[in-house]
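**Student:** Just passing along the structure, written as structure tokens.
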Amino acid sequence: MSGNITFTMIKPKAMENGHMGDILAKIIEGGFKVKAMKLTRLTKEEAKVFYAVHKERPFYDGLTDFMSSGPIVAAVLEKENAVQAYRDYIGATNPAEAAEGTIRALYGTNIEANAVHGSDSDENAQIEAGFFFSKRDWV
Ligand code: CMP
469 MSGNITFTMI KPKAMENGHM GDILAKIIEG GFKVKAMKLT RLTKEEAKVF YAVHKERPFY
529 DGLTDFMSSG PIVAAVLEKE NAVQAYRDYI GATNPAEAAE GTIRALYGTN IEANAVHGSD
589 SDENAQIEAG FFFSKRDWV
């Protein structure tokens with residue numbers, strides 16, 4: 469069911485800082501079921517396609533450089549009302565503004581290296597999951 473799926477990435481800085489295990493544990497602890505997962509990395513070109521919606525924004529080049537700078541974990545998560553539930557669980561985009569105890573507050577460095585990505589709509593969750601996985605991986 470599309471409303472029960474969201475997509476996440478653990479970003480390069482959080483990986484470099486050794487937070488992969490803690491973030492995955494926290495995701496599971498939050499009641500999100502991991503439906504598909506891979507340790508991978510994005511090329512600059514792939515990062516530009518993934519974040520194409522932001523291509524007119526001043527941070528696009530820096531963000532895509534950063535997202536292609538090292539390994540990431542990509543995962544499809546399942547929970548009731550997954551997109552909103554996960555956005556609430558990870559906290560505000562800027563870790564400095566994220567509520568205490570959220571993933572971005574705990575493991576984020578700055579607005580770009582904010583520990584994790586989370587889909588912003590059911591439609592984008594499907595598109596983003598499809599960027600990394602075949603639908604049979606998570607359905
Ligand atoms: P994410 O959830 O991956 O989706 C888009 C990303 O753009 C966002 O997290 C931030 O890391 C990044 N972003 C959004 N706004 C800014 C900004 N003002 N400066 C730098 N990066 C930003």
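The numbering of the sequence shown is my numbering, which starts it at 469 and goes up by one.
Each residue gets a CB set at the ideal place from its N, CA and C atoms; glycine is no exception.
Keep in mind that this is a model prediction, so the values were computed, not measured.
Decide if the stretch 516 to 532 is in contact with the stretch 541 to 550; the criterion is three or more beta carbon pairs, one per stretch, under 8 Å apart.
**Tutor:** Taking a contact to require three or more Cβ pairs closer than 8 Å, the stretch 516 to 532 and the stretch 541 to 550 do not qualify as touching.
**Student:** Take the Cβ of threonine 476 as the centre, count every other Cβ of all protein chains shown within 10 Å, and call the residue buried at 16 or more, exposed below.
**Tutor:** Translated into positions along the sequence shown, residue 476 becomes position 8. Per the 10 Å Cβ criterion, buried.
**Student:** So tyrosine 575 and glycine 498 are supposed to be a Cβ contact under 8 Å. How far apart are they, rounded?
**Tutor:** Taking the sequence shown and counting its residues from 1, the one referred to as residue 575 is at position 107. Taking the sequence shown and counting its residues from 1, the one referred to as residue 498 is at position 30. Not quite, the Cβ-Cβ distance comes to about 14 Å (not below 8 Å), so this is no contact.
**Student:** Helix, strand or coil: how does DSSP classify glutamate 546 here?
**Tutor:** Locating residue 546 in the sequence shown gives position 78, counting from the first residue. If DSSP states are grouped into helix, strand and coil, glutamate 546 belongs with the strands.
**Student:** Below 9 Å between beta carbons: does that hold for arginine 572 and glycine 538?
**Tutor:** In the sequence shown, the residue the question calls residue 572 occupies position 104. In the sequence shown, the residue the question calls residue 538 occupies position 70. No, the pair does not count as a contact, with Cβ atoms beyond the cut-off.
**Student:** With burial defined as no fewer than 16 other Cβ atoms inside 10 Å of the residue's Cβ, what is the status of alanine 564: buried or exposed?
**Tutor:** Position 96 of the sequence shown, counting from 1, holds the residue named residue 564. That one is exposed.
**Student:** Specify the secondary structure class of lysine 603 as computed by DSSP and reduced to three states.
**Tutor:** The residue you call residue 603 lines up with position 135 of the sequence shown. Residue state, collapsed to three classes: helix.
**Student:** Rounded C-beta distance between isoleucine 496 and isoleucine 478? I'm assuming under 8 Å.
**Tutor:** Sequence index remark: in the sequence shown, residue 496 carries index 28 (1-based). Sequence index remark: in the sequence shown, residue 478 carries index 10 (1-based). Wrong, their Cβ atoms sit about 13 Å apart, outside the cutoff.
**Student:** Might you give, ordered along the chain, the residues of its own chain that have their beta carbon closer than 7 Å to the beta carbon of serine 589, omitting 5 neighbours on each side?
**Tutor:** One-based indexing of the sequence shown puts residue 589 at position 121. Val551, listed in sequence order.
**Student:** Check this for me: beta carbons of aspartate 605 and lysine 494, under 9 Å apart or not?
**Tutor:** By 1-based counting over the sequence shown, the position of residue 605 is 137. By 1-based counting over the sequence shown, the position of residue 494 is 26. No.
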